[in-house]
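To start, the structure under review is shown below, and the notes come after it.
Protein chains: 2
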Amino acid sequence: MTLQDQIQQLAKDARDASRIMAQVPTTVKNHLLQQMADALVASGAALIEENARDLATGREKGLSEAMIDRLRLDEGRIRGMADGLHEVAELPDPVGEVTGMWRRPNGIQVGRMRIPLGVIGIIYESRPNVTADAAGLCLKSGNAVVLRGGSEAIHSNRAIAAILKKELAAMGLPAGALQLVSTTDRAAVTELLKQEQFIDLIIPRGGEGLIRFVSENSRIPVIKHYKGVCHTFVDADADLDMAEKICINAKVQRPGVCNAMETLLIHRDCAEAFVPRIARVLGALGVELRGCAETCRLAPAATPAQEEDWGAEYLDLILAVRVVDSLDAAISHIQEYSSLHTEVIVTRDYPNSQRFLREINSSVVMINASSRFSDGNQFGLGAEIGISTTKLHSFGPMGLEDLTTRKFIVFGDGQVRE
Amino acid sequence: MTLQDQIQQLAKDARDASRIMAQVPTTVKNHLLQQMADALVASGAALIEENARDLATGREKGLSEAMIDRLRLDEGRIRGMADGLHEVAELPDPVGEVTGMWRRPNGIQVGRMRIPLGVIGIIYESRPNVTADAAGLCLKSGNAVVLRGGSEAIHSNRAIAAILKKELAAMGLPAGALQLVSTTDRAAVTELLKQEQFIDLIIPRGGEGLIRFVSENSRIPVIKHYKGVCHTFVDADADLDMAEKICINAKVQRPGVCNAMETLLIHRDCAEAFVPRIARVLGALGVELRGCAETCRLAPAATPAQEEDWGAEYLDLILAVRVVDSLDAAISHIQEYSSLHTEVIVTRDYPNSQRFLREINSSVVMINASSRFSDGNQFGLGAEIGISTTKLHSFGPMGLEDLTTRKFIVFGDGQVRE
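For the record, the sequence lines run as chains X and Z. Just so we're aligned: the first sequence equals residues 435 to 852 in my numbering. Just so we're aligned: the second sequence equals residues 435 to 852 in my numbering.
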């Protein structure tokens, strides 16, 4: 079989399996996820052995220690995958929910019922735990899933997928509902992205390069986010203690993630008071500031920001800082440079809080809270399958519900159209 | 300016205008649509004159009478466009609706607020009334719109767009919120489909060729439906009077539209009674039947169906008919050949009705009603911008709400993440 035929067959098998998975009762799906969790823990030693092969290859290829660490499976991480599956098992099942039902003048009743999307393709890099996490979320929401992990984790991914598939089969469910593309040939990704007949949604997870490749080559709808350039705006009359606490948390608590703050905007009317203060405290925490002229005047430790600093996703202890003349200027700056991820205003002014809330149309808009809350778990959606900064289908952190769609259902008693 | 620069500028202008449109109060948007409606009627004579140029060119080019008729504007059709705008003005505004708000253990409140998508591109063929209809729906939902109509209607479309833009400007709203691609150069479509930086959604409306071209060449998300192959399944114990009434309505009332029935499935247990009866009555109404062997045995007037008849969208007085052994066989047939548009069961059996409802995951599933109801207006969504048979974002008939998305909103009082 050619690679093309293989991938098409795999996608078709997933589509066929998805029709069965769409009908599986919640209790059965929950039991499946629990069995999968137990099987991962029980097979821990074998998993660690397969993972060691990936680690050895990674070292030969000269992967960085950070990359090797992301790749590593140990007992704790295997337990973490299992816990994740148990958590998803406990989440409410979105499938079958009827969201609204109304009667039309002719007596037909029209409603909308939540159904699985069908087949979801996940294309991801390095971390092998995504194999179990994504499978759990897709299966719980009644979908089939096609997984394509990074070549550096191929042995780990194959071992995890084999364990999970065995549990599907043991419960009499179609093994085709969980497919791993087990070749490391890159052409397989391109082929996968052509299977619009069988796959309903592609979610790429990884670096910007992977995501651009997927979205430029896919005929299947893609939900993605390229990067998070999160802004915090400290308004003229902000509580400066609160502003300091929020800024420290948003920048320093975990700088390498997409909901960390990358740009701080400060209203001119509080700049004299706030810029030196935040520069001092962030400086002490090892943060490098890149500021506008006014920022550099008020905080001499800051280096002058270049145009490319506005819009930069540092993912590091670096912060762009700009003093702005007004709320309008802050909104304009954000609209110009935002990645549509998360924006925060710190203010005591009610009208300003409401204007910011309405006029900023990023996927998450916050008043007086740290951007680090922008996360499916923190929002109470349960486990997160990803985050979307494209507006179609989902916008912001995505949970189980985002892996479903709604069909219309109509109850009649013989009505015909006049 | 090159064509590429022109299209990019137009898309960027629409994006800039969309930020203003997103904030326009409902009353102002409603007034705008009413002014537009009145302006169309007041400019009727000029519109008819411009339309005459398109009709003349169409005749020169040898367009069919059906095409010429679709292209024609007269007083009644101009009044129809105006009525459509008035209707949309009266629909509730989805923008700003908060769909759920909940408190997290740390005290932050998380909710979701409906916002416009931003910029919507509509690519359509021949009927010039789409220019006004689509503009009305996009503007009412707080979006900017980029319109690209067919070259055969270019003078009509330019005239309509100019009238509508004038009303935007007269109310102090940005004229960039309504853009018509006024060149007939086909390369403009390809350029438009590259503006993913500025356009949030593309809706193609027209023949399957247009829709395939758009979806294969777009980097922007596309919502579409290729065709409607709607099935009606007459179950073993259906009320045959009801079944007859529904089948006649679904096939004959307006055969040229996507929600007309194209395939009729009949349970073997009622085939002896129903096949000759429905063949007689549909035959008398001029419907040609293409049947399976059993259908042809029971209704000698039917011609044998070929494999391509299952899955055919005739849009004509032709019907594929198949006798099936069971509900399962009906469901399997539909899953195999469905276009995911609309499927109907006629039955008196409660468990069968529920199985059909759950197991068929087309965008509309009906019990005991004509597929001709599958329509945004009939469902009570108000005017329809289109129908989606892709599952992402919207599935089924689409109204104003489908031109919006939801952002997360968070109210805190200084919370930071532990």
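Every residue, glycine too, gets a C-beta built ideally from N, C-alpha and C.
List the residues of chain Z that residue i touches, going by C-beta distances under 7 Å, in chain order.
i	result
Gln631 of chain X	Simply none; closest approach about 12 Å.
Met676 of chain X	Gly848
Ala803 of chain X	Ile542, Val844, Gly846, Gln849
So which residues on chain X does residue i lean against when the C-beta distance must stay under 7 Å?
i	result
Thr824 of chain Z	Pro655
Phe829 of chain Z	Thr839, Arg840, Lys841
Arg453 of chain Z	Gln769
Ser679 of chain Z	As written in the sequence, residue 679 of chain Z is Lys, which differs from the Ser given in the question. Within chain X, the residues near Lys679 of chain Z are Gly848, Val850.
Gly814 of chain Z	Trp536, Arg538, Val544
Could you give the distance in angstroms between the alpha-carbon of residue i and the alpha-carbon of residue j?
i	j	result
Ala476 of chain Z	Glu509 of chain Z	11 Å
Lys661 of chain X	Ser805 of chain X	14 Å
Ala448 of chain X	Trp744 of chain Z	23 Å
Glu818 of chain Z	Arg548 of chain X	21 Å
Leu791 of chain Z	Val529 of chain Z	32 Å
Asn693 of chain Z	Ile554 of chain Z	25 Å
Leu774 of chain Z	Gln469 of chain X	34 Å
His767 of chain Z	Val668 of chain Z	13 Å
Glu625 of chain Z	Glu601 of chain Z	28 Å
Ile680 of chain X	Ile700 of chain X	13 Å
Arg513 of chain Z	Val663 of chain Z	33 Å
Arg851 of chain Z	Ala609 of chain X	40 Å
His589 of chain X	Met605 of chain X	25 Å
Once the 5 residues before and after residue i are set aside, which same chain residues still bring their CB inside 7 Å of it?
i	result
Ala672 of chain Z	Cys704, Val780, Thr781, Arg782
Leu627 of chain Z	Ile636, Val648, Asn651, Ser652, Arg653, Ile654
Gln849 of chain X	Asn540, Gly541, Ile542
Val623 of chain X	Ile557, Arg582
Please classify residue i: is it buried, with 16 or more other beta-carbons within 10 angstroms of its beta-carbon, or exposed?
i	result
Gly830 of chain X	buried
Tyr748 of chain Z	buried
Lys463 of chain Z	buried
Arg487 of chain X	exposed
Ala456 of chain X	buried
Asn811 of chain X	exposed
Ser498 of chain Z	exposed
Gln740 of chain Z	exposed
Leu719 of chain Z	exposed
For residue i, name the three-state secondary structure that DSSP assigns.
i	result
Cys664 of chain X	strand
Thr729 of chain X	helix
Tyr558 of chain X	strand
Phe807 of chain X	helix
Lys599 of chain Z	helix
Met470 of chain Z	helix
Asn802 of chain Z	strand
Lys446 of chain X	helix
Pro785 of chain Z	helix
Met676 of chain Z	helix
Arg538 of chain Z	coil
Asp669 of chain Z	coil
Lys495 of chain X	coil
Ser822 of chain Z	strand
His767 of chain Z	helix
Who are the near neighbours of residue i in its chain, counting only those whose CB is closer than 6 Å to its CB and skipping five residues on each side?
i	result
Gly518 of chain Z	Asp567
Ala569 of chain X	Val579, Leu598, Leu612
Ile752 of chain Z	Glu722
Met800 of chain X	Val778
Met515 of chain Z	Leu474, Asn563, Ala566
Find the residues of chain X that neighbour residue i, judging by a C-beta separation of less than 9 Å, and give them in chain order.
i	result
Ala456 of chain Z	Arg792, Glu793, Asn795
Glu650 of chain Z	Arg653
Gln687 of chain Z	Val850, Arg851, Glu852
Starting from the beta carbon of residue i, find every residue of chain Z whose beta carbon is closer than 8 Å, and list them in chain order.
i	result
Phe667 of chain X	Per Cβ cutoff of 8 Å: no residues; Phe667 of chain X is ~14 Å from chain Z at best.
Val532 of chain X	Going along chain Z, no residue has its Cβ under 8 Å from Val532 of chain X, so there is no contact; the nearest lies around 11 Å.
Leu551 of chain X	Lys825, Leu826
Gln468 of chain X	Chain Z residues near Gln468 of chain X: none, gap ~24 Å exceeds 8 Å.
In chain Z, which residues lie with their C-beta within 9 Å of the C-beta of residue i?
i	result
Asp634 of chain X	Thr824, Lys825, Leu826
Arg782 of chain X	Neighbours of Arg782 of chain X on chain Z: none; closest Cβ ~10 Å, over 9 Å.
Val799 of chain X	Met547, Lys841, Phe842, Ile843, Val844
Phe807 of chain X	Arg538, Asn540, Ile542, Val544, Val844, Gly846, Gln849, Val850, Arg851
Got a sec: is the Cβ-Cβ distance from residue i to anything in chain B below 9 Å?
i	result
Trp744 of chain X	Chain labels in this structure do not include chain B; the protein chains are X and Z.
What does residue i touch in chain X if you count any residue whose Cβ is under 8 Å from its own?
i	result
Asn683 of chain Z	Val850, Arg851
Using C-beta distances below 8 Å, list every residue in its chain close to residue i, excluding the 5 sequence neighbours before and after it, in chain order.
i	result
Ala473 of chain Z	Ile597, Leu598, Lys600, Glu601
Ala710 of chain Z	It should be noted that the sequence gives Pro, not Ala, for residue 710 of chain Z. Hits under 8 Å: Leu732, Ala733.
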